[in-house]
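Asks:
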Amino acid sequence: MGVTFFRFSNVGYSTQRRYVSSSTNKGVFMFSKAAKWSIVMGMLVTGCSTYVAHSPQYEMRGRMVSQAVPAPMANTARYEHYDDNPIKQVSQQPLATFSLDVDTGSYANVRRFLNDGIYPPVDAVRVEEMMNYFPADAKPVYVAAPTSQPFAVDYELAPAPWNSERTLLRVDIQAKDIKTADLPPANLVFLVDVSGSMDEPAKLPLIKSSLKLLVDELRDQDRVAIVTYSGEERVALPSTAGSDKSTIRHAIEGLDAGGATSGEAGIRLAYQQAEKGFIKGGVNRILLATDGDFNVGISDNKQLETLIKQKRDTGITLSTLGVGSDNFNEAMMVNVADVGNGNYSYLDSLSEAKKVLNDEMHQTLITVAKDAKAQIEFNPQRVVEYRQIGYEKRQLRDEDFNNDAVDAGDIGAGKRVTVLFELTLVGQKAAVNPLRYGKQKPMEGKSDELALINLRWKAPQGGDSRLMSEPVKAAQLNTAFDSASQEMRFQTAVAAWGQKLRGSSYLAATSWEQIAQWASAARGEDSNGYRAEFIQLVKLSGKLAK
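Numbering-wise, the sequence shown is residues 1 to 546 according to full-length UniProt numbering.
See below:
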């Protein structure tokens, strides 16, 4: 049997396949995905055997005699660095103020790393996005809320399973869902990166399949336009009625990758198309699908954010769909979605695309609360210290809570947002010594309140913010972690996993096996299989961490 083919792939190059005879001297051109330069690989092959190498990768049927290859290009994926939230003394800082977060991209991206056999970078792990990934397994009981409010609040207290001297406070914010029949018409613009860097199976082909899933959900009153960008930007499909699904699918199928990446020009053109098709009182949203590897025009995150800030007051929002691994600019994807009053999702598979664009379409596209913020006030007579788990990038100044000019998170219809605090109650061993000359030392008082949950938000169309408050009662404290609700125990396992992936010292004595056990005991019905998958990811994390 002679040689059948060679497959050459390397970071930063387009994949090449060459069919050859049983004995040949074959030259292979590997083109840079930026389409600016190329290299040549020379190889002499004889006989019939199998050889597989890595970095760069060759898959050959034949026997390799010699090779000349360049050093592999470095992975240029970009993640924004942040430090974990510190422990704070209630006597000094009784307020925790932050923007609510609805993104879930970190979970899917970390899953992709683990499934590829790679332990994820610390800065790719954002605990709040991991907790927010999972829908409630059972219908929760929420504090009754007036119909004028877009969400309801629930909270729960339980001992921390990783430290007997700590108590966990979980705050759940559940947005009200909207029936499909009651949804306003949508004016959508698919902004698709078709540059050379997208020429990989896990990039443009995945995006095309993903967008087709969203097309299946379109109603006759909805409209879609498609804008593409590479070396140049163009309108691949003018605004088209949702009833004409075949035309929309055909336009998606015709997308091909090649050239440099002018993301700035593409964003400008997408906003122009969204403005042309603007629906007053409807959903006007741009979906930016890319690996974020902008290399022409504005490519600096801050400059891109400034561009989008200028557009968000028009009523057009922008969400991002991230794909790929090498050259993936997650920092840009997250920040652009935040500034665009949208959300960030990462697509590592078609099943994840179905979750984001089909099963949870309302959450992705429909905003029910704008500029949503939280401010938790802790009672120094009951709580000595607190540590917020996650939300490091969402912290606000205390005075920002009442300032309606400060931008914050937007919550989608039916979305659940989870917030977790680790508390040191009066009587538990504190991590920080009390100040000798500071404010009065904490002492147990008669109040049954541990904290006060304050939420502030605006209606989707803007206007003045509204305030909602809910006290946290000490009487609600579960005496044991095992007696806490299924949701509390599962979300605690997710938070523990995220912290351990980040190398948190607070979880140093906690094993991966313990986290998997907590999650398994709280798996519940798990009709969509997300929790079973999570348990396997925890176990895989433990193996890769060794």
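Glycine residues also receive a C-beta, built at the ideal position from the N, C-alpha and C atoms.
Specify the secondary structure class of Ser91 as computed by DSSP and reduced to three states.
Replies: Coil, per DSSP.
Asks: Could you check the C-alpha separation between Gly254 and Asp103 for me, to the nearest Å?
Replies: Whole-angstrom Cα-Cα distance: 30 Å.
Asks: Quick check on Trp162: does DSSP put it in helix, strand or coil?
Replies: Coil at Trp162, not helix or strand.
Asks: Ala202 and Ser325: beta carbons closer than 9 Å?
Replies: Closer than 9 Å, so yes.
Asks: Entirely within the segment 454 to 505 and at least 4 residues each: give me those alpha helix (DSSP H) ranges in chain order.
Replies: Fully enclosed alpha helix (DSSP H) runs of 4 or longer: 486 to 501.
Asks: So is residue 580 buried or exposed if we call it buried at 16+ other beta carbons inside 10 Å?
Replies: An answer regarding residue 580 cannot be provided, because it is not within the stretch 1 to 546 covered by the chain.
Asks: Please name the residue in Glu377, Ser345, Pro94 whose C-alpha comes closest to that of Arg112.
Replies: Of the listed residues, the one whose Cα sits closest to Arg112 is Ser345.
Asks: Report all residues from its chain with a CB closer than 6 Å to the CB of Lys393; omit the five preceding and five following residues, and keep chain order.
Replies: So the list reads Tyr82, once near-sequence residues are dropped.
Asks: Looking only at C-alpha atoms, which of Gly412, Arg531, Leu188 sits nearest to Thr492?
Replies: Out of Gly412, Arg531, Leu188, Arg531 has the C-alpha closest to the C-alpha of Thr492.
Asks: Let me know the secondary structure DSSP gives Phe98 once reduced to three states.
Replies: Strand.
Asks: What's the C-alpha gap between Asp216 and Val323?
Replies: Approximately 21 Å, taken between the alpha carbons.
Asks: Rank Tyr79, Ser91, Arg78, Asp172 by C-alpha distance to the C-alpha of Glu385 and give the top, closest one.
Replies: It is Ser91 whose Cα lies nearest to the Cα of Glu385.
Asks: In terms of residue numbering, what span does the beta strand (DSSP E) encompassing Ser345 cover?
Replies: 344 to 346 is the extent of the beta strand (DSSP E) around Ser345.
Asks: As a quick exercise: from Asn528, Ile87, Asn454, Val153, pick the residue whose alpha carbon is nearest that of Gln375.
Replies: Cα-wise, what sits closest to Gln375 is Asn454.
Asks: Do you know whose CA, among Asp193, Lys212, Leu213, Ile316, lies nearest Leu204's CA?
Replies: Taking only the C-alpha atoms, the option nearest Leu204 is Asp193.
Asks: Alpha carbon to alpha carbon, how far is Arg285 from Ala451?
Replies: Cα to Cα, the separation comes out at about 37 Å.
Asks: If you count every other CB in all the chains shown that lies within 10 Å of the CB of Asp482, and 16 or more means buried, which is it?
Replies: Exposed.
Asks: Return the CA-CA distance between Met64 and Ser197, expressed in angstroms with no decimal places.
Replies: Low confidence applies here, because Met64 scores a pLDDT of 37, under 50, leaving its location unreliable; read the following figure in that light. Met64 and Ser197: Cα-Cα distance of roughly 29 Å.
Asks: Are the CB atoms of Asp448 and Ala474 within a distance shorter than 9 Å?
Replies: Yes, Cβ-Cβ distance for Ala474 and Asp448 is below 9 Å.
Asks: In whole angstroms, what separates the C-alpha of Pro94 from that of Gln149?
Replies: Roughly 27 Å between the two C-alpha positions.
Asks: In the DSSP output, which residue or residues are listed as bridge partners for Glu385?
Replies: Glu385 is bridged to Gln89, Thr424.
Asks: Please report the straight-line C-alpha distance between Glu128 and Val419, rounded to a whole angstrom.
Replies: Cα to Cα, Glu128 sits roughly 7 Å from Val419.
Asks: Since I believe Leu321 is in contact with Leu365 (beta carbons under 8 Å), could you give me their beta-carbon distance rounded to a whole number of angstroms?
Replies: Actually they do not touch by this definition, with Cβ atoms about 12 Å apart.
Asks: Rounding to the nearest angstrom, what Cα-Cα distance links Pro185 and Ile178 in this structure?
Replies: Using only the alpha carbons, I get a separation of about 13 Å.
Asks: On the criterion of 16 or more Cβ atoms from any shown chain inside 10 Å, does Ser527 qualify as buried, or is it exposed?
Replies: Exposed: under 16 other Cβ atoms inside 10 Å.
Asks: Checking contacts by CB at 9 Å: is Asp526 closer than that to chain C?
Replies: Among the chains in the structure shown there is no chain C, since it carries only a single protein chain.
Asks: Given Thr97, which residues of its chain have a CB within under 6 Å of its CB, disregarding the five upstream and five downstream residues?
Replies: Cβ within range, chain order: Gln375, Leu396, Asp398, Phe401.
Asks: In this structure, what does DSSP give as the bridge partners for Val235?
Replies: Looking at the DSSP assignment, Val235 forms a beta bridge with Val227.
Asks: By the three-class DSSP mapping on this structure, what secondary structure does Ser210 have?
Replies: Helix, per DSSP.
Asks: Could you check the C-alpha separation between Ala372 and Asp244 for me, to the nearest Å?
Replies: Each residue's Cα considered, the two are about 36 Å apart.
Asks: How should Glu264 be labelled, buried or exposed, when 16 other C-beta atoms within 10 angstroms of its C-beta is the threshold for buried?
Replies: Looking at its Cβ environment, which holds 16 or more other Cβ atoms inside 10 Å, Glu264 is buried.
Asks: What do you reckon, are the CB atoms on Arg312 and Asn341 nearer than 9 Å?
Replies: Closer than 9 Å, so yes.
Asks: For Gly542, I'd like the list of residues in its chain whose CB is within less than 6 Å of its CB, leaving aside the five on either flank, ordered along the chain.
Replies: Hits under 6 Å: Trp512.
Asks: Count the C-beta pairs between the segment 119 to 138 and the segment 422 to 433 that are closer than 8 Å, then say yes if the count reaches three, no if not.
Replies: Output reads no: the segment 422 to 433 does not touch the segment 119 to 138.
Asks: Could you spell out where the alpha helix (DSSP H) holding Ser541 opens and where it closes?
Replies: Start and end: 530 to 545.
Asks: Name the residue from Val472, Asp348, Leu477 whose alpha carbon lies nearest to the alpha carbon of Gly105.
Replies: Gly105 has its Cα closest to that of Asp348, out of Val472, Asp348, Leu477.
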